[in-house]
Every structure is written in structure tokens, then in C-alpha cells.
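Down below is the structure, laid out as C-alpha cells.
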Amino acid sequence: MSFIPHTPEDIAEMLAVIGVSAIDTLFDEIPADLRLKGLENIPEALSELEVTRLMQARARLDRPLLNFVGAGAYEHHIPAVVWQIAGRGEFYSAYTPYQAEASQGTLQVLYEFQSMMAALTALDAANASLYDGASALAEAVLMAVRANRQTHSRQVLIPRALHPAYRRVVRTLTAPQGIELIEVPFARQTGQTPVAALAEAGIDECAAVIINQPNFFGVLEEVDALTDWAHAHKALAIALVNPIALALLKPPGEWGAKGADIACGEAQPLGMPLSAGGPYAGFMCCKREHVRQLPGRIVGRTIDRDGRTGFTLTLQAREQHIRRGKATSNICTNQGLMLTAATIHLALLGAEGLERVAATCCAHTRLLAERLSAIPGVKPCFSGPCFHERALSLPAPSAAVLKALVAEGILGGFDLAQDYPELAPALLVCATELRTADEIALYAERLSAILASHR
Amino acid sequence: MSFIPHTPEDIAEMLAVIGVSAIDTLFDEIPADLRLKGLENIPEALSELEVTRLMQARARLDRPLLNFVGAGAYEHHIPAVVWQIAGRGEFYSAYTPYQAEASQGTLQVLYEFQSMMAALTALDAANASLYDGASALAEAVLMAVRANRQTHSRQVLIPRALHPAYRRVVRTLTAPQGIELIEVPFARQTGQTPVAALAEAGIDECAAVIINQPNFFGVLEEVDALTDWAHAHKALAIALVNPIALALLKPPGEWGAKGADIACGEAQPLGMPLSAGGPYAGFMCCKREHVRQLPGRIVGRTIDRDGRTGFTLTLQAREQHIRRGKATSNICTNQGLMLTAATIHLALLGAEGLERVAATCCAHTRLLAERLSAIPGVKPCFSGPCFHERALSLPAPSAAVLKALVAEGILGGFDLAQDYPELAPALLVCATELRTADEIALYAERLSAILASHR
Amino acid sequence: MLIQERSRPGRRAPAQAPLCAPEPPPIPEHLRRSSRPVLPEVSELEVVRHYTGLSQKNFSIDTQFYPLGSCTMKYNPRACHTLAMLPGFVDRHPLAPEDQGQGLSSCLYELQEILKAVTGMDAISLAPAAGAQGELAGVLMIRAYHHARGDLERTEILIPDAAHGTNPASAAMAGFEVREIPTGPDGDVDLAALRSALGPKTAGIMLTNPSTLGVFERKIQAIAEAIHAAGGLLYYDGANLNGILGQVRPGDMGFDIVHVNLHKTFATPHGGGGPGAGPVGVAAHLAPYLPLPLVERAADGRYRWLTESDRPQSIGRLTAFGGNIGVLLRAYVYARLLGREGLGRVAKFAVLNANYLAARLRAAGFTLAYPERRVSHEFILTLKPEAKAFGVSAMDIAKRLLDYGHHAPTTYFPLLVPECLLIEPTETESKQTLDDFVEAMIAIRREAEQDPELPKNAPHHLPVRRLDEVHAARHLDLAWRSKSSEGDHG
Amino acid sequence: MLIQERSRPGRRAPAQAPLCAPEPPPIPEHLRRSSRPVLPEVSELEVVRHYTGLSQKNFSIDTQFYPLGSCTMKYNPRACHTLAMLPGFVDRHPLAPEDQGQGLSSCLYELQEILKAVTGMDAISLAPAAGAQGELAGVLMIRAYHHARGDLERTEILIPDAAHGTNPASAAMAGFEVREIPTGPDGDVDLAALRSALGPKTAGIMLTNPSTLGVFERKIQAIAEAIHAAGGLLYYDGANLNGILGQVRPGDMGFDIVHVNLHKTFATPHGGGGPGAGPVGVAAHLAPYLPLPLVERAADGRYRWLTESDRPQSIGRLTAFGGNIGVLLRAYVYARLLGREGLGRVAKFAVLNANYLAARLRAAGFTLAYPERRVSHEFILTLKPEAKAFGVSAMDIAKRLLDYGHHAPTTYFPLLVPECLLIEPTETESKQTLDDFVEAMIAIRREAEQDPELPKNAPHHLPVRRLDEVHAARHLDLAWRSKSSEGDHG
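Protein chains in written order, with the UniProt record's numbering: chain W, 1 to 455; chain F, 1 to 455; chain Y, 1 to 490; chain H, 1 to 490.
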């Protein structure tokens, strides 16, 4: 019996202690007409050997592609240490650290993570994860609406130059609470979200302004001006940031005169494999004054009976298991293990290592954009300064081009045509520190050939 | 500086404490003309990312072949648990357990392993590994010569039906001590080593007789008669056995009237990946009376100052670090981590699981032999009962046939032609529990086609 | 010591970053960071030693019995981890085309089918990243269903008082008002109270069965009938699915919507807080509202991912990509390892273990909260008698259990029962382990009687003694600050 | 508790064996086993919990400072493990054809080249599975060399009294007689005694440099000259190579043969006793005798494995296949991660750490065995003064160090120095760790003075107290026996 340790003797002894003659009797409070005869439509058990063979065969079906896509999920080097340690049973198979004394490992890791994120964002506090970057942004919107005591507005400005999937998720999760998202256009020339466009949204007050740095197109926004505009209009400034980029970019806590109020984003670039989309982890940081509105778990440093330092979940009164319907969020299970990986990852890289990664990604993407733009008809969509992604317009339908690239083993970029028809045909490309000059040259060569055949 | 944690401040402080001004000064006792200027012919450092890419590329060069070879290294299912636990830092990065109190994990594992091997072989004691099966056999020969007090003979009978590489290793390691290996032929009909052949070696006394069960051809030997013959001729009986086979076969401790004196073999089938030939682990067991002649580390159960059970290396007076030139062997570093894997592997399988594996291997090899023997010109070399390998004679040159199979992605067997020209053209094939009926059918189909083209 | 405190300026793990840094990118000065963030500067060995050491400070399934009620802490098969990390899966970009991901898609499709079979629902979405997100998806579907029918007045969700806190929190997030339904003295929902709460505002009810009281809600069919008659929908909180897996199905009980915690019932690891996965299943009439993405098998046997254009009525997306795929793969492997019979056996042995443990503790003189009821896969002990007799609280006993090498059961939940422990042994624990736990409980009660300071001051043998949670909340210390940055942000 | 003691008849981890057992194979009755071997019957969770728990009882590099002299316990980079376990390498059958294994072969060939570069030798064989097997290969080559020249009278190997025990043991295994050479009071070999030992029976000498006394043998050139003049060969024991890596090479010192412990100098893990790898390098005149296999790069850039027919004078094979390939791959990855400069830096920082630790301990009042000498990568402390003053032995202090969270240094080796600790910090430890160790030593000496029972009864905080080795040897208990099998074999 897979994973069930009971011997026939055990079962007999246990039933005798309970005082019933068969296990089935233990289900006698279930109305008899509801009892199942047996499960159907489920295959028979396989041995580990057979499952291994099955999964290896299926994994082999999924062809590895030379990856030039970012668009919210980035292929970075993950040190071997990261998952060899994060995968240790004591981290991997522990529960949420409710019993603090028996969970000092996980709790200290989470406190260290919070500290690292506070340092990266230059904000005061961080939580211990949300599901992913998109749901974190949605939670940030909900939090901002709760936390903003200057206005009763439930309107939030959201840039069009923000990940389309994120915008969808934010809508799913905030609309039921009557929050209205007002889309702010980007400047066709620069790809930036102009401060003027905020004003043109035509509202006097709003609960929050989302500022995305870099934005979905990889373009750097004028974060100081956007933040100041938000504060001038009683709105909180929500920063949506890439943690790798923060090694080089001005941190949200220093944006504008007063700094962003909340920063959130996707922690995937910090040691999490692409894994077809998850598990990743959303992070969220904020100023001290808003900490009681933060959703999710928060770890605090405290002392034990002997005065020794220890760690515990804190501010639990915000959470669903205490506050129930009035909680800051319904989140319970989060992405703890991914933060363990992120913490180890950040410890290994340090600020200087993170800077090298960021700068290398920028350089590789710049090289990629240069090489591709040298192909006739390919050119950058925008003039604004970029981080490690670039939107390029194409002289042929992007879907067909991407399909042809896949046939060559290349994942050539994110097709902008569907979400941004005004840019079509166009791709969003990315080259992280993993892409070599040879691979970039290969991409350019193949794209060139494909486009030539389209002419 | 890779893996060196010193900051410039550290270095300065340390040099000041030592009282020198530069690290180079610390080498001032080395004659100046010997000092190197720098290393040459070594490439520059790579980052982990670059090494990862390099090794992945090289690993991809090494094409996976559908494996029908055993011949001393067997492809078995290795439970995921085995290396996830054996790879834990506390096992992986510990030294030989000289400080017993700080090594109870490793020591208990080794004691458990010794216990399991004693149970499998039905002998009294086991050591905690030798390098591999071949060197273990060589050590067993040396041990038998030392331990045999009934004769001064330095002659040892070794079956020709024993792994050719093992015979070479035994020769390398025993010849310097004046030990003479006398090869005993096998019966051309059965593949067994006949008792009569021992007598025909023409010696009255010998130090030891090696009995290989199953033998290199997968054929089962008449171990009772061989053991009794050895004892009748003042020789010790050395069993060379496959640990998986011991799930089904009579254990060495019960061979003949008195049982084999020493049993040894290759532990690789117990949780060690093929890994191109190593690391594996040799095991050795013996009767109580010979335990002080055992080579290698031995763990004993003892008590601590409070009377609690604990484990420690014992009988160290046999070993080189105490006995130096008079030690039972020069072995020091052994294959400890592989035994950790083997212990976990055996604990997961238990006797019943091991039996299932053994029986499945036998059945698969039987099926393979049947399917291949159905091809015109292919037939079993021997009539003796077999375990999980089978020698088959071919109607075409074996080297060419194997090469053609490799081109089809099949590792078709061990070519017997080189070591046993009397059998050529012939292959030694094996199908473990990992080979499916489909794969066996595929092999038969391809072999059939290849042989057809040779006709 | 924190990793930050091990840091020394200039120390590195240089193999982990590109060795040659390129020129700093041409980022306009005013967008650039002016000073480096203060992150640890440590060697690779220090990282390994630090985090290996921290890991050893955790209790976990791999090291201890973990009878945490309502959490289903069972063995997480290691093969699930290995196989979910195969390169083809783990290196796949979420935006890679689906025709290059048929292997992954086939696993997810089959997982959907398996979840249909065990829940008795007609359609499944694997999108929710955790149980609470599954709950939210569930109530959003209730909302979408009523709205689609133009039924905009249904603003209330009924929730029994014993429910998990996530239930009311999820309902609130979905914009509903929560109406609490009391529990009767026998542990079942107070049906009269329920009936009187029903009306035109009733959108639905959220129930878990077996309930958090460790008993099976016997009147479930009557409840379903009443809710449906009132025009509401029934949502099943899958937190306790382990107690009925293969024995009875939410779909057959009359539920319209169900979520499943794969990190509980399907043994994916909890990871010190996650990631989990909370797929939702629905009866056919709710299928159009399922969250995206969904995997479909086309007539040609190929798999494809459904999007907004296939499912315009969907409540939408809950995360940027397809949810916690790696967790889903682990659950799939688990389901294949157990197969039909194995999945059908889970609840039997989970319930056997719980009943045995309850019977032994009861025989040892402990007080069950619902002694007249059959125990499901978990049960509640109330330590009120011990608290009264010895002045020792349930929390003291829980902490003392840690010293005995067992993780504590869930304490003080459900809130209805004073001084309670909610105990869930799961099916993967042996009788020996349960016996050990009983002996520990008996020994601790003896200590409480003879030397109450021992449990009151527990734990004694852990890396820290009892931690001061009040101090933590009053003197908020949520992030380490370097001395130099204290001035900036302190 | 032993895993055998957790066993219960009929318990299984069934996922791990074929689910359907075929018919028992047709094995003749008299060759069949009559009763099942008594192996553990446990569940998968029990296995995971048992061995995870056992692992936590170990000290290791990943958890503690491990200054074990002569063992070079440095950080084992985790990438080496991951990359050696790539499917292409780890699934490869040793008898797969070499043209399907060019990736592996290229790594091994390049490792040979790297080892040539760091040792200054002309040719390398990677075959030996450990240091002692490398030593044996070395002396077998000495034997083969003399025999090939018809020089059959050279039956003696000279070995300094401070040598590792493996040296005389290996010489004996190779059929040589051992002649011990005394060490002078300054720690160098007594050159006069050496000279007087030379003669027509001299086959060679086995030396390690720096020696086990933690000092560099300054007269190495004179020794080499004398040995060669007498017709002997010089063998270099690579155990201490970490102390000179990149600074001076055995080949340049005049050695004819060298072995390298990859599990020391090249940071492959020690695994609680192995596996290691002990490649041997030789000067050109000894190349024909190298053990097999060897990897060669052909003119076409392809790699091939040399066999007996290529190298008829080879001393032969030492293991069935190519040695500990997985260990060799780890060493190769390590060498590539460090590269030329990194390998050249190893000894510098190993020696810096040892000199710093020695200087601090000396300043704290501890006694160095060779205070007038420069410390190499390791050094000897003699605790004779402390033993005399406080009645506390070096072993007591070693055991007490365990309580302070440091693995003990090597004790009572080399045998020449009374009450000694041989301390090797390695280059991967930080100054902080070394300072911690010094503080611990000072604290323990204070304890020895004020409360000698504390160190004498140490350790106090480990899973067991001081273990009785005499009891272990007198009451041999080498294998657990089930009650039922006691009768059969007991």
C-alpha cells in the first residue's frame, strides 16, 4: 500500500482499540447513499520506476528552445547551492511556521528575505510572499485603497505599458470590490508613460497610481515625476519593480520627493526556475506607516524567555485566521519555499553580484537589439532608455515569424500584436546573462533568413 | 576569489598578526629556484554559469543508449529518496568518522549496512567498503592467504568464467606478493565451473578457491560442491556474489557443509548510478573467526560514558594508520558515501522488494534471450541455469553487430570475442527490471535486421 | 546570527555572477541607484553552512511527526520532487508555444481528469495558486453565475462559525457579505438557523465536510436541498478532503463548486508556507466561469490551453501565467503513484489513524470535544479539564510536545472549543508513531500534575525557549538594518 | 534506534519495487535461498525520517569548521555535484563505446592536462580510486621500472618516520620491505641517516612535502639527488599538495612519481569516508607503467581510451572499470571554476590561514611543535604542557572542541609529537571562523585549569557522550541480528 505503513497486525490491533470490526465502519456517519463504491476513471498505480519512465518521456516531448523571451519570467543562472539547500527536507516538508520555536529555520530565512527586500526597495518593511507578481500587484491595489486615508476614491491609474496578464489579474481580483482601473496610455515615441497622461485621465483624486519600472516594454519610466504626481493627487504610489533591476535602478523608497508607498513585484528572477509559469513568488514592501495594511505573512524578530533573539510570525491580527472577513487578504498558504530559494540566491550574489547580472542582461539585450535592428525592416519601437527587454517592430506578421523561429529551435520573443495591435507587427525580446554572443548571432541570422523569405 | 573568503582587510590583519608583510613571505622556506612563477596550461576561471553550460554541452554529446549490458555494472531503478538523502551535506561533506561522537550519523549508517550485508550473505561480519567489486576480490585473495593457517600455499584457484577485468585486477594487486592465480576452465556445454576442473588444476593444497555466483556468463555454479572441494583441500572458499541475486540465491554462509569463508562483490546494483564505471563500492563479509584479517574500515556498536548505545570505528589495529606496513590493507579513503546510498536503497526495498527486483531481472533476461534466440543463427552458448545475464552466440562477427546496434541507439551486449575467443562470435546480454517488453522487442527486431543484412 | 551579520565588506561568492562585468548600462543618472543596497557579502561556504544550519532548526515531515489539524501533513514522496524538476518541465518558459509542451499539458490534463474523478465534479481548473485562491475563485464563480442570470441582489454568503478563516476572508474579497451560521451541540450545522438565514440575498454557502470539528456533517443532503431551493450555490472547502478521499465525493453531496488543496490531499510539500495549489472543480452549469487557463484535449489528441476567447464568461486569471505548475506536476506524480486503489485508500487509513489516536487518548483520560461522534481524519481534544486542574494551558502542552520530538497539533482552532488541540495524524504515520505520541501526552499530563512549571516553561530542548509574540508585535522589527543605513530609513 | 529496529513484518515501501512480481525464476532448489534475509521492513517515510535524522548527527564541512590535519577539509562546491550527475554522465554504462562518450572523455583528458600542469609531471593516469591506491600504483610503478631494467634486487622502500601509515602499508602491498628514516629535530628528514640507508637494495623513497609535521622539507633537492644517485626513484605522497598548489611542483623538486588526492586538493567531497580519487603522475621515463585506463587525444581531436594493447608494460588495472569517474568529474568542474589563477591561489590562502591560526594560538600561549619553522598549510600543536599542568589530554581537548561546534583537529598524529593536534584550516575558511576557534581553544584551556572534569568528560552536547572504543574492540558487535536469526548464526 503506497506510503501507508500499516501491517495487517497493526490494523487488527487498532480496530480492536477503537472497538469496531472493520475500517468501513468508521465511515458510518456518512449517509449510505453517498458512499462511493470505488474510484473510476483513474489509472492503476504505477511504481516509481514506471512513473519515472513516464515523466521522463513526457519531459522529453517538451523541446528546449533557445530563449529570448522575458515578459514577466526570466531565465537566469540559478546557483547549484540554491535548490540543493532549499530542497532539504527540513525546509521542503515543513508547514507554515505557526509553532515558532520549532520553525526558527524557516522564520529566520523569511526575516532575512524581508531585510533583503527592504534594502533593495529602500522601504521599511516587507512581507513573506504573495502568489506571484501579478497577484501581488492586485493585493497592492487593494492595500492602497484601504490604506489611503486622504481620499475615498476607488479609482486606480494603471499604465497600459504594464504586463497585459498583470492587468487582467488585477482586474479579476479588484473589480469585485468596486475598484475601477483607469488605463493610462504610453507615449508612442518613447514607450514611457508620460506624466501628462496621468492628468489626462481626467480625475482629481485617485486611490493609487501604479508605476512600473522598467515597464512592460523594458522602457524606464520617469518614476520621480510619476510618484510626485501621485502624491500631489492624494494617491499612493505603487511601484511594480523587477528585483534584478533594483541592483542598478533608483529604489522605490527614493522615488520623487517622498518615495513610493508600496513596492511589489515578481521574485522569480531570484533563483526560481521558469517551470512553465510557477511556482514563483510575489513580494511586497511598504513604508512603516502602512505596515498594518500589508497582506500576507510577516516575520518579526523578538526574544524568548531567556532574552535570546528569535523569530516569529507577527501582526497576525491582520490575517484571515484571526480577523476572518476583515483580514487584509484571504491569503494563507503562500510561496514560502520560493523565498527560501530567493534568500539563498541573494546571499550568494550580494549587491555586487546582482549588479553584474543586471548589467550583463542589459548589455546582452542591447547587443541583441543592435543585431536584430541591423536586419532590414526591424527597428526599435521606442526611443526611451531600456533595461533588459526591447520592443522591436518587424516587417512581417509576428506570429508567423515566431512560428518559423520555433521551428529553428528559437523562442524568439513575446508577440506584442495581440495586446498592442497599435505596435504590430512587433516583438518584445530579452537576452539575460545566459545568452551568449553566439546565440544572439544565431538568432539574428535565422531571423534575417526568415524575414528574407517573407519579402 | 573563488571560494576564498578573505577580504583585503582580513589579509592585512592576518599578515600583521603573523608578522610578515606579504603572503609570499610565508613560502620563504621553499628553495627559491623551485618556486613557480605561475601555473601554465590551465584555462582561466569560469563562472558557475559558464561551467554549467560547458558540462551540459558535453553531457549532451554522450548519447543515451538503450542498455542491454550488465557485465559487472547494472542499470537498476534508484529510488529518488536515495540520493536526495545521501546527497545531504551532512553525509556528503563529512570526513571518515574518526571523531565518533561527531559522526554518529555516518557510523550508524555503516553499522546498518554491515548488518544488512551480513544478513544477505549469512555471514557474521562485514566491512564498510572497498573500492569496487574487483579490488574487493583482490583483497579477499590477500586476506585468504593471510587467514589460511592450514597451508602455506600461495596458490589461488580462479575460474575462467569470472569477469575478465576482475581477473586482471586481482593479478595486478596480488602478484607483487607472490600469489599465483591458477585459472580453472568452464564446461563448454553448461558454462559452469565443474568441480572436476578444480581437481584437474593439479594441486594438493591451495590457499583459496574463488567461487563466482552467478558467474560472468550469468550461469549458476554448483556452489555447494565447489565450497566443499575447497575445504577438503585446505583452501578457504571465497564467494564473489551479486547482492541483488542474493535475494533469491543460497547465501555464501550456507554453501556446502561449512559455508564460504569470505564473500565479496560489487555493491553498485544497490543504488549506485552507472556513472561510466564509478564510484561504486566493493563489499566484503566473513566468518567471525577471520574478522581480524578483514581489510578496510569496520564499525562496531559500543556504549558511551552514560551507557547509551553508540557506534565507533573498531579493530583499528588492523589498519594502516596504526599497523602501518603490517596492516591488513593499505586502504584508507574508501567508498563511504556509496554505502550510505546502498543502505537507504536496501532499507527501501527490503527483502521482498529485492526479491521482486531479482525475479523481474531474471524474467526480463529470459524473455530477451528467448526473443533473440528466435532469430536464425542466434543461440544460447550454455545450458546451465542462469540468473540475469545470458551468453548468446551469433552468426556474424560480434563487434560489427554491436556497432550496428549502437547506430540504432542500442547498447547490445558485452562482446565476448576478445576475452573468450573460444565462444566467438558471442554476446553477453542483460535485461534488468528497467527494460520493458517493448524495448526487448525493439532490440530483437533491430538485431534481426542487422543479422539479415550480414547474411 | 543573521546572514547579514556574517557579512564582511568585499567578501564574495564570485563563481555565481558573471566574472567580467560589462560597462554599466547607459541609464540616465536620475533613474540610477545612488548607493548599493546593503545585501550580505559572504562566501559560498558561509551560505551553505548558514542555511544548512538554519534548516536543522526546523521541524518538518521529514524529521518529525506533524499532527497539525486541518493541514494534512503527510509524507511528500521524493520522486514527485525529482520528476517535477526534469529539465523539459523546469526550464520551460511559460510563454513557449503549446505545441512544444505537449508532455506537460498531458500531465495537467490528466490531473484535471483525476480531480474530476475524486471530487465528482464536471470540470476542473488548475489555476488557483493555493487553497485560499481556490476559495476566492469559487466565490467569484458564485458571483459570476448570479450576475450572468441578472440576479444581482444575492450579496450574502453563509458560513458556519467553525469554518476556516479563509472562508469569510475570501467571501469578503469577492465583495460578499458574510453571514455566520452557528454549529449545533452535536457538531453539525444548526439547520434551523441555516434555514432562517436563507432568502433572496443568499448567494451561497461555504462548507467543509468533514468540518473543522473533525466530524462529518450528516445533514449535508438537507443543507444542499435548502440552499438550492433558495437559489444559492454550495461551495466545498477542500481543506479536509483527505478525510473522505475515495469514500464520498463533494459532487455527490450536492456541492456545485469545490477546491482541492494539492499540498494537503495530494501530498505536495508545504515548503514552510507554500507553494501550494488549489484547483477548483465545478458542476457543468458553472463550467463557463472557471478561471483560466484550462487544458483541453482536442479531437486529434493534442492538448491546448483555453483562453479568454474560448471562455468569455471566465472569472479571469488569478496569476500571470498558469498557476503553480511545478506543484501540479508533483500532485500528478503522486496521483499516478497511488493510482485508483491507492487514492481510494487514503481516507480509510487517515480515518483509521485518527480514530485510533482518539480512542487511545480517550482511554488515557483525555477529553474529546465530540465524544459521541465518529472521528473523521482529525479530531479535537479539549484540555479544559487539565487547564482547570493543573493551571496548564493547551499551548503549554503543545510547546511541551515539541520537547518530546513531536510537532504540536493545531492549537485554539476551531475557536468554538476552549483549550483545544486539533489533531490530524494522516495516513502515512505508523501505529508506532501514534503510540509514541500518546505516551508523550500521558507523560506531559503527569508533568502538568507533578511539576507544572515544566510544561509552562516549555520548550526546553529547542533552539529557542518560548518566544514573546507580544514583544514582537509591540516592538516591530521586520527587517535588519545596517548601521550605515539606520540614518536613512531608521 | 537502528532501521532494523523500526522494522515491522509486512511493512513496505511498495513504490520502490516492481508492482507485479513475475513467477519465481526456475532456479534449481539446491541453489535457492531457503529463507528471506532479515532486512528492514519499513515505509518510505520511515526511511526518509530515519536517515534525515541520522544525517543531523554528523559534523561536516557544510555545518562545521573541520580543521582535520592532513585531510584538507575544504568547501566542496555544490555545482560539482550537480554537474557530475548530469544524465549523459551518470547514466552512462562503463562499457558503452568511446565514440558515444566524447563529452566525458574530453573532461577526463583535460583533467589529466590540468594535473600535469599543477604537479609538473609528464603523464597522468586517473585510474586509482583513492590516495592509498594511488600510492600503491606508485610503488608498483617503481617495481615495474626496476624489473623492466632487470634490476631485481631493489627490494627496499625508504619512508620517513613521520609518514602517513598508508605509505608503509602500500609499500608492503607492493611486495617491498620498508626502511624507516628518522626525522631531525628541525622537522626535516635526517639526511645523514638517509644517505647511510641508501644502497643497491634501494628501490625508492616515499615522501610528502610539506611533511606531516607541517613544514616544508628544505633539503628536498639534496634528497632527490642522493636517491637518484643510488638508483632509486622518488615518490611524492600528494596528501599535502594543498599546501604548495601553484607555488612549487613535485616534478620540479625531483620527484619521479606523484599521486594527487582529488578529495583533498580538488575539493571533491569526502562522503563520510569516500569515494575519493588518487590520480598518479609520472615523469616521462615511467609513463609506460601507468595504470590503465588512460585517455588520449588522437590527431583528429577524438578521444580514446588506452588499453593493455597500447600499454603492454602497464602495471595493469586497479578497479574493474575506469576508477571513480564521478569523482573525477567533480574535480574537473572544480578546476575549471578556479582556473589558472584560482588554483594558483589555493596554497597561498591555505598557508596564510594556517600561519595566522598558528600565530594566534602561539600568542595565546599554546606550544607549537616546530616553533622555529615556517608553518605550511597545517601545523602541530603539542598539548604536553597542558597535559602536565592540568591532567587533561589532547584527546580531551579535541572532544571538548566538539562541544564548541568545531570538529576536532587530527589527534596523536604524527606519532613523533606527544599530545599533539595537527591543525589544517584550509583556504576556504574565513578569519572569523579561525578567530572563533582560537577563542574556543583559550576557553577550553581555562576550563582545563579551573574545572578539568569538563574537558575530561567531553563531549557534553553531542548525540552521545565519550564512546568506549575498548568496549567496542573487546565485545565485538559488528552486525545487528534479528532474534530469529540469532540461533542460526549467533
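Quick reminder that beta carbons are idealized off the backbone N, C-alpha and C, glycines included. All values reported here derive from a predicted model rather than from experimental measurement.
Simplified DSSP state of residue i, which is helix, strand or coil
i                 : result
Val38 of chain Y  : coil
Tyr332 of chain H : helix
Trp83 of chain F  : helix
Glu180 of chain W : strand
Asp186 of chain H : coil
Gln155 of chain W : strand
Met441 of chain Y : helix
Gln189 of chain F : coil
Beta-carbon separation (whole angstroms), residue i vs residue j, contact threshold 8 Å
i                 : j                 : result
Ala117 of chain H : Glu44 of chain F  : About 13 Å separates the two Cβ atoms, so there is no contact after all.
Lys456 of chain Y : Asp396 of chain Y : 5 Å
Arg11 of chain Y  : Thr7 of chain F   : 5 Å
Lys287 of chain F : Gln150 of chain F : Not confirmed; about 14 Å, so no contact.
Ala267 of chain F : Thr319 of chain H : Ala267 of chain F to Thr319 of chain H, Cβ: 13 Å. No contact.
Ala277 of chain Y : Asn324 of chain Y : 5 Å
Leu66 of chain W  : Ile410 of chain W : 5 Å
Bridge partner(s) assigned by DSSP for residue i
i                 : result
Arg390 of chain W : W:Val429
Glu296 of chain H : H:Arg304
Ser125 of chain Y : Y:Val280
Closer than 8 Å to chain F by CB, residue i
i                 : result
Leu86 of chain H  : yes
Leu337 of chain W : no
Glu439 of chain W : no
C-beta neighbour in chain H for residue i, strict 8 Å
i                : result
Phe91 of chain W : no
Met55 of chain W : no
Short CB-CB distance (under 8 Å) between residue i and chain W
i                 : result
Ala358 of chain F : no
Pro79 of chain F  : yes
Leu349 of chain F : no
Proximity test, Cβ basis, 8 Å: residue i and chain Y
i                : result
Arg49 of chain H : yes
Taking only runs of the alpha helix (DSSP H) that begin and end inside the UniProt domain "Aminotransferase class V" (153-271) of chain Y, which ones reach a length of at least 4 residues, in chain order?
166-173, 191-197, 220-229, 250-253 and 262-265
What are the start and end residues of each continuous alpha helix (DSSP H) run of 4 or more residues lying completely inside the stretch 318-404 of chain F, in chain order?
320-323 and 336-373
Taking the runs of the alpha helix (DSSP H) that are 4 residues or longer, which of them lie wholly in the stretch 46-129 of chain F?
48-61, 80-86, 89-92 and 104-121
Please give the ranges of any beta strand (DSSP E) in the stretch 386-428 of chain H, keeping only runs that are unbroken, at least 3 residues long and fully inside the region.
420-423
Taking the runs of the beta strand (DSSP E) that are 3 residues or longer, which of them lie wholly in the stretch 25-104 of chain Y?
none
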